[in-house]
Amino acid sequence: MRTTVGIIGGGPAGLLLARLLHTAGIDCVVLENRTRDYVEQRQRAGILEQGTVDALRACGAGARMDAEGLVHDGIELRFDRQSHRVDFPAATGGRSVMVYAQTEVVKDLIALQLAEGPPLFFQARALAVEKPESDRPVVRFSHGGREQTLECDYVIGCDGFHGIARAAIPAAVRRTYERSYPYSWLGILADVPPSCDELIYARGAGGFALHSMRSPTVSRFYLQVPNGTDPADWPDERIWDELDRRFAVDGGRRLARGPVTAKSVTPMRSHVTEPMRYGRLFLAGDAAHIVPPTGAKGLNLAVSDVRVLARAFEHHRRTGSAELLDGYSDVCLRRVWQATRFSYDMTTMLHSRPDDDAFDERVHLARLHRLAASGPATAELAENYTGLPLEEIG
Ligand code: FAS
Ligand code: PHB
1072 MRTTVGIIGG GPAGLLLARL LHTAGIDCVV LENRTRDYVE QRQRAGILEQ
1122 GTVDALRACG AGARMDAEGL VHDGIELRFD RQSHRVDFPA ATGGRSVMVY
1172 AQTEVVKDLI ALQLAEGPPL FFQARALAVE KPESDRPVVR FSHGGREQTL
1222 ECDYVIGCDG FHGIARAAIP AAVRRTYERS YPYSWLGILA DVPPSCDELI
1272 YARGAGGFAL HSMRSPTVSR FYLQVPNGTD PADWPDERIW DELDRRFAVD
1322 GGRRLARGPV TAKSVTPMRS HVTEPMRYGR LFLAGDAAHI VPPTGAKGLN
1372 LAVSDVRVLA RAFEHHRRTG SAELLDGYSD VCLRRVWQAT RFSYDMTTML
1422 HSRPDDDAFD ERVHLARLHR LAASGPATAE LAENYTGLPL EEIG
């Protein structure tokens, strides 16, 4: 098999890149290891930055998002039993975010691709990227019980943190920056209407909690838990009691309760791989970087990577110049490090470390009080949360 751009991974990065290249008339193929059902059901992100919303609309994948998504103009911060709202449009000159689950974005992109192309192969596991430094790289993959090859002009690793593409960059070239946090998130899906109109981020007694949502009838919560926590140790009653404890504010009400339909534990980590390109191999999304989800950046960073990359490929096809392709890694890494910094700040400000003492607790609360009291500090959070402008690349 042969194509111009071989894409490994059918998550948000791979699927959106395929859509953007296809609509620019650049042929590509997506190899996805899992089944369609698995990819579409995998519970992940929930918040889309304005730039992500614009990109999905522009490539014809925004109709259901606009019909079913929830536009949010702010978030609520809770700490010291107080509540503070961050008003996004007031602080950013009109930007907001969209609550529309990653599962739904993936479903919309898959439906489009199966209807209009390019080729999307499920249960097609990439085994290796060969000759990435040549002008004819090859992806060796297994599909339908057979080992096959995909000959490309370019290979894009959109295969997530546990994929194989990153390792195709020689260790002597690859630089890795990592931070593991001493806590995890217990993610909870519950069949109950949200008890709030906008997301609530809380630094409460006992640790962090987040009240998000998936629709007017389905709520999404996260609780900070110790690393290695077994979800089975958290029966519904314990979940609801701990959520009420962490969201407690003076004069507040208990949460509406309902059946928990899914729960899973995700460790918190930051990871950046530099460079995001080696020869004809490019990395995009979680294959290159991971951020703790406190800043709702993971999915949105994947989208900004592939927007930059698609623009670079389109420029190359139109002008023959590889200038934007050559600038891809540096342009993306500037944004990746800003998102990493923001996610680190949000995470350390809102979570309690096991070794935190009373002094640490007071300093974290002072950061939150300053953020709530200072217009510029609030605006800085709103700017980052709704998404920094995408760097113009020609
Ligand atoms: P993905 O991991 O989504 O997709 C990679 C794809 O490549 C997968 O479908 C995988 O099956 C496939 N693949 C892997 N190896 C392959 C191979 N050898 N051959 C072929 N295919 C292969 N972000 C947020 O903003 N908010 C959140 O709340 C949030 N929660 C998360 C919870 C979890 C458990 C995880 C893991 C991530 C979470 N994230 C969150 C981040 C997440 O949304 C990612 O940023 C987003 O999925 C990135 O998309 P991709 O880069 O496409 O990677
Ligand atoms: C989610 O709805 O899954 C979500 C929202 C905001 C975050 C993380 C996750 O910061």
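Residue numbering for the sequence shown follows the numbering used here, beginning at 1072 and increasing consecutively. Note that CB positions come from ideal geometry on N, CA and C, so glycine has one too. Just so you know, these numbers come straight off a predicted model, no measurement behind them.
For S1266, collect the residues of the same chain with a Cβ closer than 6 angstroms to its Cβ; drop the 5 residues on either side in sequence, then sort them by chain order. Cβ neighbours of S1266 beyond the five flanking positions: L1326 and A1327.
To which residues of the same chain is G1366 closer than 6 angstroms at the C-beta, ignoring the five residues directly before and after it? In chain order, F1413, S1414 and M1417 place their CB closer than 6 angstroms to the CB of G1366, counting only its own chain and leaving out the 5 sequence neighbours on each side.
The ligand PHB heavy atom lying under 7 angstroms from the CB of I1259: When distances are taken from the beta-carbon of I1259 to the heavy atoms of the ligand PHB, even the shortest one reaches 7 angstroms or more.
Looking at the strands, I want to know which residues DSSP matches up with L1284. Sequence check: residue 1284 is Met here, not Leu. In the DSSP assignment, the residues bridged to M1284 are S1290.
Closer than 5 angstroms is what we want: which residues have a beta carbon that near any heavy atom of the ligand PHB? List them in chain order. Proximity to the ligand PHB was defined by a C-beta distance below 5 angstroms to any of its heavy atoms, and the residues meeting it, in sequence along the chain, are G1117, I1118, S1283, R1291, P1364 and A1367.
Can you have a look at H1422 and say buried or exposed, based on whether 16 or more other CB atoms are within 10 angstroms of its CB? Result: buried.
Could you spell out the range, first to last residue, of the alpha helix (DSSP H) harbouring V1176? Residue range Q1173 to E1187 is occupied by the alpha helix (DSSP H) that includes V1176.
Top-ranked residue by Cα proximity to E1313, from L1257, D1262 and S1286: Looking only at L1257, D1262 and S1286, the smallest Cα-Cα distance to E1313 is reached by L1257.
Does DSSP put C1099 in a helix, in a strand, or in coil? Look at C1099 here: in three-state DSSP terms it is strand.
Is the distance from the Cβ of Q1194 to the Cβ of T1074 below 8 angstroms? Not a contact, by the Cβ cut-off of 8 angstroms.
Under a three-way DSSP split, which group does L1195 fall into? According to the sequence as given, residue 1195 is Ala; it is not Leu. Note: A1195 maps to strand in three-state DSSP.
Would DSSP call N1455 helix, strand or coil? When secondary structure is reduced to three states using DSSP, N1455 falls in the helix class.
Of the residues M1420, G1145 and A1172, which one's Cα is nearest the Cα of A1161? A1161 has its Cα closest to that of G1145, out of M1420, G1145 and A1172.
Sheet register partners of I1078 (DSSP bridge): Paired residue(s): V1101 and I1227.
G1465 versus L1395 - alpha carbon distance: Low confidence applies to G1465: its pLDDT is 45, below 50, so where it sits in the model is not reliable, and the reading given next is rough at best. If I take the Cα positions, the gap works out to 8 angstroms.
Of the residues H1387, M1347, R1211 and R1250, the one placed nearest I1240, counting alpha carbons only: Nearest of H1387, M1347, R1211 and R1250 to I1240, Cα basis: M1347.
Any beta-carbon of chain B closer than 8 angstroms to the one on D1108? Protein chain content of the structure displayed is limited to a single chain, and chain B is not contained in it.
Is there contact between the segment 1080–1097 and the segment 1173–1191, where contact requires at least three CB pairs shorter than 8 angstroms? Taking a contact to require three or more Cβ pairs closer than 8 angstroms, the segment 1080–1097 and the segment 1173–1191 qualify as touching.
Straight-line CA distance for D1206 to E1218? Rounded to whole angstroms, the gap between the alpha carbons of D1206 and E1218 is 22 angstroms.
W1408, DSSP secondary structure in three states: Three-state result, W1408: helix.
Same chain, Cβ closer than 8 angstroms to E1147, five either side skipped, listed in chain order: The answer, listed in chain order, is S1154, H1155, R1156, V1157, C1267, E1269, L1270, I1271 and Y1272.
Per-residue DSSP class, three states only, for G1465: Legend: pLDDT at G1465 = 45, less than 50; position of this residue unreliable, no value from coordinates given.
Should I1361 and S1341 be called a contact, given that it needs their Cβ atoms to be closer than 8 angstroms? Yes. Within cutoff.
Straight-line gap, I1079 to R1135 (C-alpha atoms, nearest Å): Between I1079 and R1135, the C-alpha separation is close to 26 angstroms.
Using a Cβ-based criterion (distance less than 7 angstroms to any ligand heavy atom), does C1229 qualify as near the ligand FAS? Correct: C1229 has its Cβ closer than 7 angstroms to the ligand FAS.
Would you kindly report the start and end of the unbroken beta strand (DSSP E) that includes G1258? For G1258, the enclosing beta strand (DSSP E) starts and ends at R1246 to A1261.
By the DSSP assignment, the alpha helix (DSSP H) with Q1112 in it spans what residues? The continuous alpha helix (DSSP H) containing Q1112 extends over residues R1107 to Q1112.
Where R1389 and V1076 are concerned, what is the direct C-alpha to C-alpha distance, given to the nearest angstrom? A straight-line Cα-Cα distance of about 16 angstroms links R1389 and V1076.
Element boundaries [beta strand (DSSP E), containing L1141]: Looking at the DSSP string, the run of the beta strand (DSSP E) that includes L1141 is L1141 to H1143.
Taking the straight line between their C-alpha atoms, what separation do you get for Y1254 and P1425? Rounded to the nearest whole angstrom, the C-alpha separation of Y1254 and P1425 is 8 angstroms.
Compute every distance between the C-beta of H1233 and the non-hydrogen atoms of the ligand FAS, then say whether any falls below 7 angstroms. H1233: yes, Cβ under 7 angstroms from the ligand FAS.
Which residue from N1455, P1363 and L1442 puts its Cα closest to that of A1466? Past the edges of the chain, shown from 1072 to 1465, lies residue 1466, and the structure says nothing about it.
Just how far apart, CA to CA, sit P1083 and A1243? If you take the alpha carbons of P1083 and A1243, they lie about 29 angstroms apart.
Of the listed residues A1276, S1283, D1108 and L1294, nearest to A1319 (C-alpha basis): Residue A1276 holds the alpha-carbon nearest to the alpha-carbon of A1319 among A1276, S1283, D1108 and L1294.
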